[in-house]
Amino acid sequence: DTGVSQNPRHKITKRGQNVTFRCDPISEHNRLYWYRQTLGQGPEFLTYFQNEAQLEKSRLLSDRFSAERPKGSFSTLEIQRTEQGDSAMYLCASSTPGQGISYEQFFGPGTRLTVL
Amino acid sequence: AQSVTQLDSHVSVSEGTPVLLRCNYSSSYSPSLFWYVQHPNKGLQLLLKYTSAATLVKGINGFEAEFKKSETSFHLTKPSAHMSDAAEYFCVVSPRGGYQKVTFGTGTKLQVIP
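Going down the list, the sequences are from chains D and E. Taking my numbering as reference, the numbering of the first sequence is continuous, increasing by one, and the terminal residue is 346. Taking my numbering as reference, the numbering of the second sequence is continuous, increasing by one, and the terminal residue is 504.
Here is the structure:
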């Protein structure tokens, strides 16, 4: 399967613990995005990478959140000192570059985080 | 600035009847518009996209949508609903060209009654 993969698929943690999620984009895609989706809502943009450069971060991404894409391939999203409000589905997407045309973002299956 | 409003949070149709999922957008520039579908426990899948070519866009599984600039709408339709269409549908807007900061609507849950 050459789609976007995310690991783990589910994570249960206790409040105050740190968690890290991984996203492997489609291999030829140089753009990578993270979103958060809470129950009954559409996905909300968190951050965006072009190759290894993090080009934009949403205000939703507090200081407890950090994302990296060190070699321009896979990406990690870390949440420190988790809070119950962090419970959500975290989605990763990737796309090819485009000029003048908006290219489709391909989404992974998501990581569901539950903070107890 | 951009935003998307999906006018119905739930739509229920009988199998074999038409489907209409409504979406209105707001954008300060020429937008690209997308519809994604999300089945339970599965990733988001693109149904169709409008990027400035034909205003009537055909997608997968018999879905289509029409871009109406005067009405700022991009409604999703299908002539005949199938049980497998039951899912959540998201309307999405993004700037045309360059980096895609997309904005999702809140979703419409489609129920198909046998």
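Positions of the beta carbon are idealized from the N, C-alpha and C atoms, including for glycine.
Counting pairs of Cβ atoms below 8 Å between the segment 307-322 of chain D and the segment 287-298 of chain D, do you hit three or more?
yes
Using DSSP with H/G/I as helix, E/B as strand and the rest coil, what is Asp316(D)?
Here residue 316(D) is taken as the residue at index 86 of the first sequence, counted from 1. Reduced to three states, the DSSP call for Asp316(D) is helix.
So which residues of chain D does Gly433(E) contact, with C-beta pairs closer than 7 Å?
Your numbering for residue 433(E) matches position 43 in the second sequence. Within chain D, the residues near Gly433(E) are Phe337, Gly338, Pro339 and Gly340.
With 16 other Cβ atoms within 10 Å as the buried cut-off, status of Gln335(D):
As a position in the first sequence, residue 335(D) is number 105, starting the count at 1. With 16 or more other Cβ atoms within 10 Å, it is buried.
Taking DSSP as the reference, what is the three-state secondary structure of Asn237(D)?
Residue numbering aside, residue 237(D) sits at position 7 when the first sequence is read from its first letter. Correct three-state label for Asn237(D): strand.
So which residues of chain D does Gly497(E) contact, with C-beta pairs closer than 8 Å?
Your numbering for residue 497(E) matches position 107 in the second sequence. Under the 8 Å cutoff, chain D gives Gly270, Gln271 and Gly272.
Contact with chain D by Leu438(E), beta-carbon distance below 7 Å:
On the second sequence, position 48 is the one that residue 438(E) refers to. No, Leu438(E) does not count as interfacial toward chain D.
How about the segment 247-262 of chain D and the segment 407-421 of chain E: do they share at least three Cβ pairs that are nearer than 8 Å?
no
Residues that Thr496(E) bridges to, as DSSP identifies them
The sequence position of residue 496(E) within the second sequence is 106, counting from 1. Paired residues: none, contrary to the question.
What are the uninterrupted segments assigned as beta strand (DSSP E) that are 3 or more residues long and contained completely in the segment 428-471 of chain E, given in chain order?
434-440, 446-448, 454-458 and 463-468
If you measure from the beta carbon of Phe453(E) to each beta carbon in chain D, is any gap under 7 Å?
Position 63 of the second sequence, counted from the first residue, corresponds to residue 453(E). For Phe453(E), the answer is no, since every Cβ of chain D falls outside 7 Å of its Cβ.
Can you look up Asp254(D) in the DSSP assignment and give me helix, strand or coil?
Sequence index remark: in the first sequence, residue 254(D) carries index 24 (1-based). DSSP places Asp254(D) in strand when its eight states are reduced to three.
Tell me, please, whether the CB atom of Glu298(D) is closer than 7 Å to any CB atom in chain E?
As a first step, residue 298(D) must be located in the first sequence, where it is residue number 68. No, no contact with chain E.
For Ser288(D), I'd like the list of residues in its chain whose CB is within less than 8 Å of its CB, leaving aside the five on either flank, ordered along the chain.
For the purposes of this step, residue 288(D) is taken as residue 58 along the first sequence, with counting starting at 1. The residues are Glu274, Phe275, Leu276 and Thr277.
Would you check if the segment 471-482 of chain E and the segment 494-501 of chain E touch, i.e. whether three or more CB-CB distances between them fall below 8 Å?
Touching, yes, given that three or more Cβ pairs across the two stretches are closer than 8 Å.
For a contact meaning CB atoms closer than 7 Å, what does Glu334(D) contact in chain E?
Here residue 334(D) corresponds to residue number 104 of the first sequence, with the count starting at 1. In chain order: Leu436 and Lys439.
Hey, is Phe464(E)'s beta-carbon within less than 7 Å of any beta-carbon in chain D?
Walking along the second sequence from the start, residue 464(E) turns up at place 74. Answer no: the Cβ-Cβ gap between Phe464(E) and chain D never drops below 7 Å.
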